[in-house]
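Single-structure report; data block below.
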Amino acid sequence: MSFNNLVDDGKQVKLSDISASLSVYEGVAGQDFIGNSITFKVVEKEKYDKVFKESALVYATMIQINGTIEGINSGTIPTEGDFAKANIGFAIKDIPEMKGRIERLQEQIKVLNPKDDFKGLEMKKAPRAADGINHAQKQLTESTNLLPKISENLAEVSKKVIKK
Numbered sequence: 043m044s045f046n047n048l049v050d051d052g053k054q055v056k057l058s059d060i061s062a063s064l065s066v067y068e069g070v071a072g073q074d075f076i077g078n079s080i081t082f083k084v085v086e087k088e089k090y091d092k093v094f095k096e097s098a099l100v101y102a103t104m105i106q107i108n109g110t111i112e113g114i115n116s117g118t119i120p121t122e123g124d125f126a127k128a129n130i131g132f133a134i135k136d137i138p139e140m141k142g143r144i145e146r147l148q149e150q151i152k153v154l155n156p157k158d159d160f161k162g163l164e165m166k167k168a169p170r171a172a173d174g175i176n177h178a179q180k181q182l183t184e185s186t187n188l189l190p191k192i193s194e195n196l197a198e199v200s201k202k203v204i205k206k
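To convert, take the position in the sequence shown, counting from 1, and add 42; that gives the numbering used here.
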């Protein structure tokens with residue numbers, strides 16, 4: 043039995059899931075900061091799957107933006123390049139809305155109750171749903187912790203990348 047197998051109950055977030063403008067950088071070392079590292083549970087119940095996927099997308103966005111900002115600040119990512127412009131461009135649009143997005147997802151998670159929502163033959167999915175809730179909560183907590191740092195650094199980096 044392999045514990046790395048995500049076939050039955052999980053999916054991976056790809057860079058193109060965050061933004062279509064980033065799809066050309068998918069899998070590129072030093073540009074795809076999420077790689078295959080961010081996953082979410084799938085339990086085949088829409089309200090769960092939607093929250094799990096959205097939480098993973100928020101977290102992936104934060105990781106990608108943070109990696110880009112760190113790369114620009116360390117000099118490994120040139121400010122003039124298309125990569126920096128694409129990442130900072132979508133970050134400027136997404137980050138101001140991120141706190142509200144995280145709060146809405148956290149509220150949605152609070153009303154998920156696997157013991158009540160999975161009955162009959164679906165009961166076997168309840169433990170996966172509970173794992174999914176924990177996983178989504180961790181992703182949202184980490185996203186919340188990254189948000190102030192990213193917001194502050196984004197203001198500075200955007201001045202370097204997007205010259206008026």
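Every residue, glycine too, gets a C-beta built ideally from N, C-alpha and C.
Presumed contact (8 Å Cβ cut-off) between residue i and residue j, rounded CB distance
i, j, result
"L189", "L147", "About 13 Å separates the two Cβ atoms, so there is no contact after all."
"I137", "I204", "Not a contact, Cβ separation roughly 14 Å."
"A231", "I144", "In the structure as shown, the chain begins at 43 and stops at 206. Residue 231 is therefore absent and cannot be evaluated."
"L64", "A128", "6 Å"
Residue i - containing alpha helix (DSSP H), residue span
i, result
"F132", "124-152"
"Q181", "168-203"
"E164", "Element bounds for E164: n/a, residue is neither H nor E."
"P156", "156-159"
"A102", "88-116"
Residue span of the beta strand (DSSP E) that contains residue i, given as start and end
i, result
"T81", "81-83"
Distance CB(residue i)-CB(residue j) smaller than 8 Å
i, j, result
"A168", "K180", "no"
"I105", "F75", "yes"
"S200", "I134", "yes"
"V93", "I151", "yes"
Identity of the residues DSSP links to residue i by a beta bridge
i, result
"K53", "F82"
Taking 8 Å as the cut-off, does the segment 100-118 touch the segment 66-84 (at least 3 CB pairs, one atom from each stretch)? Judged by pairs of C-beta atoms under 8 Å, the segment 66-84 touches the segment 100-118, as three or more such pairs exist.
Is the segment 63-79 close to the segment 159-170, with three or more CB pairs under 8 Å? The answer is no - the segment 159-170 does not touch the segment 63-79, with fewer than three Cβ pairs under 8 Å.
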